[in-house]
Amino acid sequence: MYNLAELTQRHDEELNFLIAKLEILKKKSALNPYEAKVMITELLWGRQFLMSGNQKVEAIKFYEDDLREAYIQARDICNPIENKNPNLPVYIRINTLTISIEDTLNAFYKEGWNLLPRCNSYSEYLSVLQRLGERDFIRDYHISELLAFPPGTLFYNHPGYIKGKFLYQDKGSCLSSFLLNPKPDSVVFDACAAPGIKTNHLANIMNNTGLIYANDIHPLRVKKMIDLLGLTETNARILKEDFISMDYSAYADVKYILVEPSSTYSGIFYAVGARMKKVGLMRRQFVSNTMLRSALQQFPNVKRVVYTICSLYSEEGEEIIEQVMKEVGDSFTLLDIKKMLWNEWESMSQPGNICGGKCLRIVPEYDLCQGYFVAVFERNFDVPIPPYSKKLRRAGAVYDINELEKVKTVNPRGRVVEKLIPKNKAPIIEQLIKKQHAKTIKNKNQKMNKKFRQQREQRFILHKNTNVATSSATINNTNTPPVCNEEMHTITQSQLYP
Ligand SMILES: C[S@@+](CC[C@H](N)C(=O)[O-])C[C@H]1O[C@@H](n2cnc3c(N)ncnc32)[C@H](O)[C@@H]1O
Numbered sequence: 001m002y003n004l005a006e007l008t009q010r011h012d013e014e015l016n017f018l019i020a021k022l023e024i025l026k027k028k029s030a031l032n033p034y035e036a037k038v039m040i041t042e043l044l045w046g047r048q049f050l051m052s053g054n055q056k057v058e059a060i061k062f063y064e065d066d067l068r069e070a071y072i073q074a075r076d077i078c079n080p081i082e083n084k085n086p087n088l089p090v091y092i093r094i095n096t097l098t099i100s101i102e103d104t105l106n107a108f109y110k111e112g113w114n115l116l117p118r119c120n121s122y123s124e125y126l127s128v129l130q131r132l133g134e135r136d137f138i139r140d141y142h143i144s145e146l147l148a149f150p151p152g153t154l155f156y157n158h159p160g161y162i163k164g165k166f167l168y169q170d171k172g173s174c175l176s177s178f179l180l181n182p183k184p185d186s187v188v189f190d191a192c193a194a195p196g197i198k199t200n201h202l203a204n205i206m207n208n209t210g211l212i213y214a215n216d217i218h219p220l221r222v223k224k225m226i227d228l229l230g231l232t233e234t235n236a237r238i239l240k241e242d243f244i245s246m247d248y249s250a251y252a253d254v255k256y257i258l259v260e261p262s263s264t265y266s267g268i269f270y271a272v273g274a275r276m277k278k279v280g281l282m283r284r285q286f287v288s289n290t291m292l293r294s295a296l297q298q299f300p301n302v303k304r305v306v307y308t309i310c311s312l313y314s315e316e317g318e319e320i321i322e323q324v325m326k327e328v329g330d331s332f333t334l335l336d337i338k339k340m341l342w343n344e345w346e347s348m349s350q351p352g353n354i355c356g357g358k359c360l361r362i363v364p365e366y367d368l369c370q371g372y373f374v375a376v377f378e379r380n381f382d383v384p385i386p387p388y389s390k391k392l393r394r395a396g397a398v399y400d401i402n403e404l405e406k407v408k409t410v411n412p413r414g415r416v417v418e419k420l421i422p423k424n425k426a427p428i429i430e431q432l433i434k435k436q437h438a439k440t441i442k443n444k445n446q447k448m449n450k451k452f453r454q455q456r457e458q459r460f461i462l463h464k465n466t467n468v469a470t471s472s473a474t475i476n477n478t479n480t481p482p483v484c485n486e487e488m489h490t491i492t493q494s495q496l497y498p
């Protein structure tokens with residue numbers, strides 16, 4: 001508790017920035033600034049997750065993705081000097097739908113920036129990147145529309161940024177669209193697209209041809225995406241669907257899918273937050289797993305799927321690929337990303353599991369960009385895709401829907417409800433649930449009785465006081481001795497506690 005208070009105080013400036021930027025107190029009026037600050041601190045710098053709870057906790061959780069995204073800007077603006085030293089270069093990606101790469105380079109040159117020459121190898125590039133001078137910048141080794149500037153460079157007030165000529169986008173984040181590499185005129189589905197940074201990159205790669213379904217479940221974030229993409233992307237169609245349970249039948253023409261679920265963002269927070277607790281990770285793992293399986297198994301004509309996540313934890317990366325590959329078998333192949341990057345990349349997933357060194361596992365200290373994980377799946381059309389099977393999480397384990405059976409039980413309100421529980425554990429769990437509900441109902445009744453008794457006592461005291469007051473009024477008026485209303489007292493007592 002002390003730690004949390006101390007952390008909250010330490011990050012006060014960033015917290016004020018985040019709360020103001022996202023207008024949290026304006027939109028969630030039930031929150032007071034102190035509660036909001038403590039909860040945001042727990043989410044960003046503390047245990048990194050909030051258990052589901054009351055309305056106030058849910059209000060902060062509603063902003064979880066936005067808070068983690070805006071954190072970088074908060075940190076840059078509130079602690080510019082502190083952040084210069086150990087941090088990564090600042091990357092901006094040219095929005096080639098609005099300006100050419102040449103024109104952008106010239107514009108920076110005119111502003112007094114010095115463009116360093118291209119390097120002959122990736123290792124040479126990394127060493128140049130580590131020693132960028134104060135006015136130096138360089139084009140990225142792999143992604144030609146990406147530029148790297150010295151750590152701590154701020155572009156938030158730059159006219160080019162304000163007009164959408166370039167966007168802040170780290171190299172780790174750019175690699176997924178770069179590797180998905182949709183062909184012009186193709187149909188792409190960006191499953192978790194808001195605020196639309198990667199959708200914009202995809203539209204750049206496709207030169208605004210074809211069609212991109214830009215989907216997100218979160219209404220506020222969809223609004224942000226409409227603002228961002230409305231500027232230039234004519235080939236994006238915005239959707240607001242739950243990617244896990246939507247109707248997929250209308251999207252049979254989709255050839256490319258990008259899946260980037262919500263995450264711990266530990267790839268950005270690697271220097272800041274503590275390791276997240278396992279329980280929170282497992283819940284996230286289940287959601288990401290379901291999304292990736294939906295992408296692979298619900299779109300019959302999909303050719304390539306990229307799964308990416310801003311995380312350093314294998315629970316959000318390698319473990320998911322391992323689980324999903326077992327489900328889809330040979331209908332998909334994992335592509336070797338090192339080869340796709342011309343063998344000029346070192347940080348890969350560890351060999352020895354299904355990922356077998358084929359997926360990107362970015363190490364921020366080495367690769368000088370944020371810690372993303374990326375996997376590329378390519379469809380093998382000779383092998384049919386195994387049908388998608390719905391899974392549910394029960395008591396920390398994941399079960400196929402066929403392994404579950406419906407059991408009738410009573411909820412805490414006393415209503416009969418049906419619950420899906422694992423078949424092999426049904427009799428034990430059924431008993432447990434019954435006992436638990438019996439206990440809950442008993443506790444609830446006890447609480448109700450106590451509350452009811454208290455209310456009645458209060459009414460009794462009020463009643464008694466009124467009588468005493470009436471009696472004294474009588475004394476004053478008539479000068480008769482005070483009447484001790486013993487009779488009334490006894491009657492009320494006995495009525496109350498028969
Ligand atoms: C890491 S962010 C995506 C960032 C985005 N790809 C970009 O580059 O701008 C994850 C997004 O997934 C969305 N999301 C979470 N669960 C979802 C679901 N079931 N269906 C669709 N979108 C979901 C969240 O609202 C959030 O905007």
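Okay, so the sequence shown: first residue is 1 according to full-length UniProt numbering, each after it adds one. Beta carbons: idealized from backbone N, C-alpha and C, even for Gly.
Write down the C-beta distance between residue i and residue j rounded to the nearest angstrom, noting that I regard them as a contact closer than 8 Å.
i           : j      : result
residue 525 : LEU116 : Nothing can be reported for residue 525: it is not among the residues displayed for the chain, which extend from 1 to 498.
TYR165      : THR104 : Looking at the sequence shown, residue 165 is not Tyr but Lys. Sure, about 7 Å apart at Cβ, within 8 Å.
LEU88       : PRO364 : 6 Å
GLY371      : GLY152 : With 8 Å as the limit, GLY371 and GLY152 do not qualify as a contact, their Cβ atoms being about 19 Å apart.
LEU4        : GLU42  : 6 Å
THR308      : VAL374 : 5 Å
ARG284      : GLU327 : Contact flag wrong, Cβ pair sits at about 18 Å.
ASN95       : LEU146 : ASN95 to LEU146, Cβ: 12 Å. No contact.
VAL383      : ASP330 : 5 Å
PHE17       : ALA74  : 4 Å
Cα-Cα, which of the options is closest to residue i?
i           : options                        : result
LEU296      : LEU281, GLU316, ILE320, MET282 : ILE320
ARG118      : TYR141, PRO386, PHE108         : TYR141
ASP136      : LEU420, GLU111, ILE143         : GLU111
GLY210      : THR234, THR96, PHE108          : THR234
GLU241      : PHE452, LEU258, CYS192         : CYS192
ASN424      : LYS326, ILE441, GLU403, LYS444 : GLU403
VAL305      : CYS359, GLN431, PRO195, ARG237 : CYS359
ALA203      : LEU97, SER127, LYS224          : LEU97
ILE188      : GLN446, LEU175, ALA236, VAL222 : The sequence as given places Val at residue 188; Ile does not occur at that position. Ranking GLN446, LEU175, ALA236, VAL222 by Cα distance to VAL188 puts ALA236 first.
PHE62       : ILE354, LYS434, LEU50, VAL128  : LEU50
ASN301      : THR333, LYS338, ALA252         : ALA252
TYR366      : MET348, LYS27, GLY414, GLN55   : MET348
GLN298      : ILE385, SER311, ASN157, ASN32  : ILE385
TRP45       : GLN55, GLU14, ILE24            : GLU14
ARG393      : THR290, GLU322, CYS355, VAL410 : THR290
residue 499 : LEU31, PRO33, THR264, ALA194   : Outside the shown range of the chain (1 to 498) lies residue 499, about which nothing can therefore be said.
residue 503 : GLU322, ASP336, ILE362         : Nothing can be reported for residue 503: it is not among the residues displayed for the chain, which extend from 1 to 498.
TYR91       : GLY317, GLY357, ILE72, LEU335  : ILE72
SER186      : SER176, CYS174, LEU175, ILE205 : ILE205
PHE377      : THR333, GLN130, ALA194, ASP190 : THR333
ILE354      : ALA148, SER314, ARG131, TYR256 : SER314
ILE421      : LEU239, VAL407, LEU432         : VAL407
LEU341      : ILE77, ILE143, GLU134, ALA250  : ILE143
ALA70       : VAL57, GLU344, ILE24           : ILE24
TYR256      : GLY317, GLY160, LEU180, ILE99  : LEU180
LYS27       : MET39, LYS56, VAL38            : LYS56
Exposed or buried, which one is residue i when buried takes at least 16 other CB atoms within 10 Å?
i           : result
GLN169      : buried
ARG93       : buried
PHE381      : exposed
LYS84       : The predicted model places LYS84 with a pLDDT of 47, which falls under 50 and marks its position as unreliable, so this point remains unresolved.
ILE401      : exposed
VAL416      : exposed
ILE162      : exposed
ARG379      : buried
GLY396      : exposed
LYS451      : exposed
residue 501 : No information on residue 501 is available, as it lies outside the stretch 1 to 498 that the chain covers here.
ARG459      : exposed
ALA473      : Any answer about ALA473 is weak, because its pLDDT of 44 lies below 50 and its placement is not dependable; what the coordinates show is given next. The residue is exposed, with fewer than 16 neighbouring Cβ atoms inside 10 Å.
ALA20       : exposed
VAL324      : buried
ALA438      : exposed
ARG139      : buried
ARG10       : exposed
ALA30       : exposed
ASP12       : exposed
ASN476      : Note that ASN476 scores 46 on pLDDT, short of 50, meaning its location in the model is unreliable; the coordinates nonetheless yield the value given after this. Under this definition ASN476 is an exposed residue.
Across the stretch 213-224 and the stretch 241-250, are there enough close Cβ pairs to call them in contact, namely three or more that are closer than 8 Å?
Touching, yes, given that three or more Cβ pairs across the two stretches are closer than 8 Å.
Count the CB pairs spanning the stretch 258-269 and the stretch 223-233 that are closer than 8 Å, and state whether there are at least three.
Segments in contact, no.
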